[in-house]
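Protein chains in written order, with full-length UniProt numbering: chain U, 1 to 272; chain A, 1 to 272; chain S, 1 to 272; chain Z, 1 to 272.
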């Protein structure tokens, strides 16, 4: 391997996962992210916030500085800094540090909804964990294969919910909690998904009959996305097994986690 | 192509989807329908209604006139106007414009339940979107194939719900909210579909035991429609793949969205 | 066909479904049962009961006399009357008429829980509808094939619910609504089946954490019965298609509702 | 069979299931465990506890002594006593008797949370029933095969719930019941699993819109674990049937509960 510049080596460590150092960096990063999330979650509890506000303040700034350094180093060593800065993770990385600086520069802004929203956005950094999840590929591919059918399904649900919500708005009216069509659509979603909070509930007999119909509908169309995912997943898993061929005897049909050929025992190529 | 009369060309544009103009008309129609729905939904919110009642009134009449023109043109250019007028979409198209004229001719009727119901019925026009959803065919065919089993399933649910509702009516009685057998059947549906509003809840020990039984029943029979749909869908998808044969080498087993033969690379006939 | 005695002919009509008369009798019976159910359900509504009590009383006795005659004729023409009387349907048929006579012989007993329970038991006669449902066989066979797995599943749920209910009883205690272990098990069932009435709800943090765990558990083990039923149903449907062989060319693999051979077009034997 | 020492024979009876005596012992043990559970559950009901406290006290000590004897004998006859004592069932067996002795030695401790928790832990002994459930193997194997995918699924749910909970905490705030991020995550779990207690419910429009999104998300990702389990179970059942080969004609593809070859009728080897 040719000699690498510091910047290239930094790139390998921070963005890559092939080297030992790169893996250690990833693990350290994940732990730091999880810790900063934990602090954020715990500091949202009033009683703790009042008691340990000083500690939370220091931890907050500690994490902010760490993530700032990480962000700057990423910008520095990335071959195309702008591409990184404009990517999903680049924006999330920026958002993770921004709120602290904003509230430092403009005192009082930490109480604004938008700043507080930005602060919890940091939680999306957890998505970086995703690359550690090996089986996620097959699940994702099934979802992608099924996306046409899922879209049809959600369009159907959207139409049903609008129709049913509108009907109940007219039948029940504002006196029974169905104050507007959007509120009634909210009720229809709560009912068709079988969540059933019970905060808005039909009172008239006709409304109850329609609600019962909505529930049974929700109950049975629940079967449709399951059927879609299952059918795609079954096929995907089968295709998967047929894709891996033994390099020695070219037999296929191995389990996805098989390491050796089931016919001749030769080592199989790394799968997935 | 032979010269077409104006009426025939109108028919092509309004009912057909083959020509460019027909496609543009469809898209414009869908957007208009969605806008009119949006106005209907927003105008149902009291605070907006009070503030912008004039704008809503004008928009309402604008959409009514547009849809009236569309309805008349459809009647005019259709080869069999009565068939259109009596079809599902013909009735929906009529219902979409009727309420405005009724409330214009008979002032005050806009507050009648039936007129307001007719107004929200307009939302069914959204179903015209359906033809844009490509994957809906395979889903619909699965549902049709499974309709015998789904009927059995719903009959079973209907019987269970009647029996369980009747039992709880006798056990709990009107004092605990189970005021009549229909009300108890409503409770049974709320419970067996796992919606669980909590507006009617058993109070006695025997009632609670039966409720627990109902829940576990609902929990497990939920599996039946899912199983039915999944099994039909899997088969339908498999049949689908086997139906498409390469016109060159007659290989089958292509993915539903494949455009080229997986064996010889020849273009496949358009599928679905 | 040899000459049949009146009794044998009656048997054919009442118990059989092969003759035209037998089919008409079945349909008339089903309609009568549905009507008597409807009267029972409507008469449970207080306001109707008060207004039309006389009509309900007469209808009640009309149905009772009809069903009494049916029961006696069934006993008379059955080749083994005791076997019928002791069968499931025999007992249900008796129960359908008993309460009216009891409340006639012992006035006032119609208010007893047991007599009123017996009255609604009549609803089980609706199960006679079952034989009209053609697809019920395949569903039932799938359930029977899967019964071992379903038993395992329900035992697991029973153990989980007992353990979780006991834990929450100790953690939450009677002050938060978890008054006893049976009540807590009821809560656990309400939660694990995702019904979620909200009448008993954990208040402590530890209780809430355990409740969240219970929900996620319920959410994921819901997948198990579905998986079981789907897998059995898929197999059953496949076996089904392979069972029917064309009497002409002996090809198999026909759809369950196919009437003609897909290879040679010969009429297939009646299936299911 | 060679002569066995008393200890070896005891081991056969208590730990084994091959001999008649071993099977009788198992059945007697299961019945005793179920009885002791029943006493525990019933004694948690206040009114019974007050009335029959003496009987419950005696029964409690009776079971404690029985289980103590069982524990000691197990320790005595086990070839490796320490391995048993440290195994899952060894610890559960110890925990089943400990609380009674603790509350005897240190009066008053029976009211401590930890002692009462230990008492209900005894319920885990019910898991010994598991070995009587024949079909549990295939279910367990499917779950194990799918554990990678299930882990991915639960990680996704954990991330979603944290993100959605945090967003609603900021949007709704403590005044609407979303007192802290952990409380909001609890709400998100209640909603995404479609349990829907209704104890915490969004009040603002933005909150309701996000809640509706959460429900639809929960509704559709519910399909994923089902798809996973179903796909694994189908495959497992197929593999199962292919594993059993007739010793006579080596035909495969038998049903899992088949006792004779479907081709030549020879007895099949015991399966599962």
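By construction, the Cβ of each residue, glycine as well, lies at the ideal position given by its N, Cα and C atoms. Here the structure is a predicted model, which means the values were calculated and not measured.
Closest to residue 218 of chain U by CA distance: which of Z/194, Z/21, Z/83, Z/161 is it?
From the listed residues Z/194, Z/21, Z/83, Z/161, the smallest Cα separation to residue 218 of chain U is found for Z/194.
Should residue 228 of chain U and residue 158 of chain U be called a contact, given that it needs their Cβ atoms to be closer than 7 Å?
With contacts defined as CB atoms closer than 7 Å, residue 228 of chain U and residue 158 of chain U fail to qualify as a contacting pair.
Cβ atoms of residue 123 of chain A and residue 166 of chain U: under 7 Å apart, would you say?
Yes. Within cutoff.
Does DSSP put residue 146 of chain S in a helix, in a strand, or in coil?
DSSP places residue 146 of chain S in coil when its eight states are reduced to three.
Using a 10 Å radius around the Cβ and a threshold of 16 neighbouring Cβ atoms, would you call residue 249 of chain U buried or exposed?
Result: exposed.
Could you give the C-beta distance for residue 196 of chain S and residue 168 of chain S, rounded to a whole number, given that I count them as a contact under 8 Å?
No, residue 196 of chain S and residue 168 of chain S are not in contact; Cβ-Cβ is about 15 Å, not under 8 Å.
For the alpha helix (DSSP H) containing residue 39 of chain A, list its first residue and its last residue.
For residue 39 of chain A, the enclosing alpha helix (DSSP H) has its first and last residue at 20 to 43.
Just confirm the distance between the C-beta atoms of residue 32 of chain A and residue 75 of chain A, as a whole number of angstroms; I'd bet it's less than 8 Å.
The pair is not a contact, with the Cβ atoms about 18 Å apart (cut-off 8 Å).
Using the beta-carbon of each residue, which ones in chain S are nearer than 7 Å to residue 186 of chain Z?
For residue 186 of chain Z, the chain S residues whose C-beta falls within less than 7 Å of its own C-beta are 208, 212, listed in chain order.
Would a C-beta distance cut-off of 7 Å place residue 77 of chain A and residue 11 of chain A closer than the cut-off?
Against a cut-off of 7 Å, the Cβ pair of residue 11 of chain A and residue 77 of chain A comes out as a contact.
Cβ of residue 229 of chain Z within 7 Å of any chain S Cβ
Closer than 7 Å: yes.
Mind checking residue 69 of chain U: buried by the 16 CB within 10 Å criterion, or exposed?
It counts as exposed.
Cα-Cα, which of A/98, A/50, A/105, A/222 is closest to residue 72 of chain A?
If we check each option's Cα against that of residue 72 of chain A, A/98 comes out closest.
Start-to-end residues for the alpha helix (DSSP H) that takes in residue 56 of chain U:
Looking at the DSSP string, the run of the alpha helix (DSSP H) that includes residue 56 of chain U is 53 to 77.
Going by C-alpha to C-alpha distance, which of U/140, U/59, U/80 sits closest to residue 38 of chain U?
Comparing alpha-carbon positions, the option among U/140, U/59, U/80 lying closest to residue 38 of chain U turns out to be U/59.
Take the Cβ of residue 186 of chain U as the centre, count every other Cβ of all protein chains shown within 10 Å, and call the residue buried at 16 or more, exposed below.
Counting every other CB atom within 10 Å of its CB across the protein chains shown gives residue 186 of chain U a total of 16 or more, marking it as buried.
Can you list, in chain order, the residues of its chain with a C-beta nearer than 7 Å to that of residue 142 of chain U? Leave out the 5 residues immediately preceding and following it.
Excluding residues within five positions, the ones whose Cβ falls inside 7 Å are 229, 232, 233, 236.
Counting only beta-carbon separations shorter than 7 Å, does residue 237 of chain S have a partner in chain A?
For residue 237 of chain S, the answer is yes, since a Cβ of chain A falls inside 7 Å of its Cβ.
If you draw a straight line from the C-alpha of residue 13 of chain S to the C-alpha of residue 79 of chain S, how long is it?
Straight-line measurement puts the Cα of residue 79 of chain S at about 14 Å from the Cα of residue 13 of chain S.
Measure how close the beta-carbons of residue 49 of chain Z and residue 57 of chain Z come, nearest whole angstrom, since I'm counting them as under 8 Å.
A Cβ-Cβ distance of about 10 Å is found for the pair residue 49 of chain Z and residue 57 of chain Z, leaving them out of contact under the 8 Å criterion.
Does the Cβ-Cβ distance between residue 170 of chain Z and residue 117 of chain U come in under 7 Å?
Yes.
Test: residue 277 of chain S CB closer than 7 Å to a CB of chain Z:
Residue 277 of chain S lies beyond the stretch modelled for chain S, which goes from 1 to 272, so this question has no answer here.
Status (buried if at least 16 other CB within 10 Å, exposed otherwise) for residue 189 of chain A:
Label assigned to residue 189 of chain A: buried.
If you draw a straight line from the alpha carbon of residue 280 of chain S to that of residue 90 of chain S, how long is it in whole angstroms?
The first residue shown for chain S is 1 and the last is 272, placing residue 280 of chain S beyond what the model contains.
For the region 215 to 229 of chain Z, which residues have a CB atom closer than 8 Å to at least one CB atom of chain U, in sequence order?
Within the region 215 to 229 of chain Z, the residues whose Cβ lies closer than 8 Å to any Cβ of chain U are, in chain order, 215, 216, 218, 219, 220, 222, 223, 224, 226, 227, 228.
So is residue 82 of chain S buried or exposed if we call it buried at 16+ other beta carbons inside 10 Å?
Exposed: under 16 other Cβ atoms inside 10 Å.
Is the CB-CB distance between residue 41 of chain Z and residue 192 of chain S below 7 Å?
Here residue 41 of chain Z is not near residue 192 of chain S, since their CB atoms are 7 Å or more apart.
I need the straight-line Cα distance from residue 92 of chain A to residue 114 of chain A, nearest angstrom please.
The alpha-carbon separation between residue 92 of chain A and residue 114 of chain A amounts to approximately 15 Å.
Please state whether the Cβ-Cβ distance between residue 224 of chain A and residue 153 of chain A is less than 7 Å.
With a cutoff of 7 Å on beta-carbon distance, residue 224 of chain A and residue 153 of chain A are scored as near each other.
Below-7 Å beta-carbon distance, residue 167 of chain A vs any chain U residue
No, its Cβ sits nowhere closer than 7 Å to a Cβ of chain U.
Straight-line gap, residue 120 of chain Z to residue 44 of chain Z (C-alpha atoms, nearest Å):
Cα to Cα, residue 120 of chain Z sits roughly 11 Å from residue 44 of chain Z.
Going straight from the alpha carbon of residue 204 of chain U to that of residue 220 of chain U, what length do you get?
Cα-Cα distance, rounded: 24 Å.
Just to confirm before moving on: does the CB-CB distance between residue 177 of chain U and residue 198 of chain A stay below 7 Å?
Between residue 177 of chain U and residue 198 of chain A, the C-beta spacing is not below 7 Å.
Can you name the start and end residues of the alpha helix (DSSP H) that residue 209 of chain U belongs to?
Secondary structure note for residue 209 of chain U: its alpha helix (DSSP H) is the uninterrupted segment 205 to 221.
Tell me, please, whether the CB atom of residue 152 of chain U is closer than 7 Å to any CB atom in chain A?
With 7 Å as the cut-off, residue 152 of chain U counts as an interface residue toward chain A.
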